[in-house]
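One structure below.
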Amino acid sequence: MLAASPIEWFSTWFDSPYYHRLYQNRDQAEAQAFLDKLLQYLHPKPGTHLLDLACGKGRHARYLSAQGYHVTGVDLSAASIQYARQFEHAQLQFYVHDMREPLPAGPFDFVLNLFTSFGYFAQETDNVLALRNAAAALRPGGKMVIDFLNTALTVQTLVAHETKQVEGTEFHLYRHFHNGFIVKEIRFQDEAQQEQYFEERVRALRREQFESYFQMAGLRLVEVLGDYQLAPFEAATSPRMIFVLKK
Numbered sequence: 114m115l116a117a118s119p120i121e122w123f124s125t126w127f128d129s130p131y132y133h134r135l136y137q138n139r140d141q142a143e144a145q146a147f148l149d150k151l152l153q154y155l156h157p158k159p160g161t162h163l164l165d166l167a168c169g170k171g172r173h174a175r176y177l178s179a180q181g182y183h184v185t186g187v188d189l190s191a192a193s194i195q196y197a198r199q200f201e202h203a204q205l206q207f208y209v210h211d212m213r214e215p216l217p218a219g220p221f222d223f224v225l226n227l228f229t230s231f232g233y234f235a236q237e238t239d240n241v242l243a244l245r246n247a248a249a250a251l252r253p254g255g256k257m258v259i260d261f262l263n264t265a266l267t268v269q270t271l272v273a274h275e276t277k278q279v280e281g282t283e284f285h286l287y288r289h290f291h292n293g294f295i296v297k298e299i300r301f302q303d304e305a306q307q308e309q310y311f312e313e314r315v316r317a318l319r320r321e322q323f324e325s326y327f328q329m330a331g332l333r334l335v336e337v338l339g340d341y342q343l344a345p346f347e348a349a350t351s352p353r354m355i356f357v358l359k360k
């Protein structure tokens with residue numbers, strides 16, 4: 114994988130057991146309902162090859178595989194992929210992979226990048242590089258879906274401080290906008306009562322920036338959807354920007 118200096122926040126936080134503890138109660142029912150809607154919208158044929166780009170522990174890739182598709186999941190987190198590999202079978206494979214490098218498998222009929230798994234890089238050019246690699250792994254006529262937050266609305270409604278108690282750990286979350294990034298600071302004490310600090314940084318990408326990226330990656334924007342029910346995108350009210358792209 115690409116060397117990084119200084120250490121990039123996602124290369125340590127996503128491998129931390131506290132990351133999985135903090136987010137263990139994410140709404141799986143909502144995620145599966147979204148995937149069902151997305152499959153209805155995309156109409157992939159049985160046996161279609163799908164890529165789950167930034168798949169985490171693979172729960173969404175596993176669900177997609179259970180619907181009859183050939184699914185490949187890739188993620189930078191070695192710990193997440195190690196966990197996911199226990200579920201591998203002939204139609205489901207997982208790889209440790211940095212999306213800034215060419216994909217280790219393919220070609221794919223669909224590439225899915227879901228639940229705000231984009232915009233993490235310090236260098237903006239890396240976003241274009243990642244999209245070009247994804248586009249290169251798509252078959253001609255293949256489609257890509259990028260599910261991102263509605264940046265303008267998110268910045269307007271940031272909750273500055275929040276405390277969450279999860280399995281005996283008290284997480285203090287601080288959110289702010291800084292130098293073009295939406296930043297979440299995560300502070301807590303570990304089991305040894307040592308103070309721990311992590312960050313999440315997502316580039317505050319506007320629709321216009323994405324459209325510029327897509328053009329540079331050779332992807333055509335088909336539609337922008339605004340929520341997990343796939344309603345049309347409305348800049349003032351939609352919680353998400355879900356881009357549907359075609360090669």
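Each residue of the sequence shown is one higher than the last, beginning at 114 in the working numbering. Each residue gets a CB set at the ideal place from its N, CA and C atoms; glycine is no exception.
May I have the straight-line CA-CA distance separating residue i from residue j, to the nearest angstrom?
| i | j | result |
| --- | --- | --- |
| ILE194 | ALA265 | 33 Å |
| ALA344 | PRO352 | 11 Å |
| TYR176 | ASP188 | 17 Å |
| VAL123 | SER325 | According to the sequence shown, residue 123 is Phe rather than Val. So the alpha carbons of these two residues sit roughly 25 Å apart. |
| THR350 | GLN328 | 26 Å |
| LEU225 | ASP149 | 13 Å |
| ILE120 | GLN199 | 29 Å |
| GLN269 | TYR287 | 15 Å |
| TYR341 | ALA142 | 12 Å |
| MET114 | PHE207 | Here the model assigns MET114 a pLDDT of 39, short of 50, so the residue's position is not dependable, and the following value carries that caveat. Computed Cα separation, rounded: 16 Å. |
Got a sec? Which residues, its chain only, sit under 6 Å from residue i by beta carbon, not counting five neighbours each side?
| i | result |
| --- | --- |
| ILE355 | ASP260, LEU338 |
| GLU313 | LYS297 |
| PHE311 | TRP126, ILE299 |
| ALA116 | The predicted position of ALA116 is uncertain, since its pLDDT is 39 and thus under 50; a value taken from the coordinates is nonetheless stated next. Result list for ALA116: empty, nothing under 6 Å. |
| HIS285 | THR276, ARG300 |
Looking at C-alpha atoms only, which residue of the options is the closest neighbour of residue i?
| i | options | result |
| --- | --- | --- |
| GLY281 | VAL258, GLN306, ARG245 | GLN306 |
| PHE294 | HIS285, LEU286, GLN236, GLU304 | GLN236 |
| LEU271 | ALA197, LEU216, ASN263 | ASN263 |
| LEU334 | LYS256, ARG316, SER230 | LYS256 |
| GLU336 | LYS359, ARG316, VAL315, LEU318 | LYS359 |
| GLU308 | SER190, LEU205, GLU283 | GLU283 |
| THR229 | LEU332, GLU121, ALA144 | ALA144 |
| PRO130 | GLU275, PHE301, GLU121 | PHE301 |
| PHE234 | TYR196, LEU318, GLU304, ALA146 | LEU318 |
Who are the near neighbours of residue i in its chain, counting only those whose CB is closer than 8 Å to its CB and skipping five residues on each side?
| i | result |
| --- | --- |
| ALA330 | VAL241, LEU244, ARG245, ALA247, ALA248 |
| LEU151 | LEU225, VAL258, LEU343 |
Excluding the 5 residues preceding and the 5 following residue i in the sequence, name in chain order all residues of the same chain whose CB lies nearer than 7 Å to its CB.
| i | result |
| --- | --- |
| ALA192 | ASP128 |
| TYR132 | TRP126 |
| SER118 | Residue placement at SER118 cannot be trusted, given a pLDDT of 40 that sits under 50; what the coordinates show is reported in the next sentence. Excluding residues within five positions, none has a Cβ falling inside 7 Å. |
Answer with buried or exposed for residue i, where buried requires no fewer than 16 other C-beta atoms within 10 angstroms of its C-beta.
| i | result |
| --- | --- |
| GLY171 | buried |
| GLY232 | buried |
| GLY169 | buried |
| THR267 | buried |
| ASP239 | buried |
Would you call the segment 211-222 in contact with the segment 240-258, where contact means no fewer than 3 C-beta pairs closer than 8 Å?
Verdict: yes, contact present.
Touching by the beta-carbon criterion (3+ pairs, under 8 Å), the segment 183-201 and the segment 159-173
A contact between stretches requires three or more CB pairs, one per stretch, nearer than 8 Å, and the segment 183-201 meets this requirement with the segment 159-173.
Meets three-Cβ-pair contact criterion under 8 Å: the segment 127-141 and the segment 201-219:
Flag = no, the segment 127-141 and the segment 201-219 do not touch.
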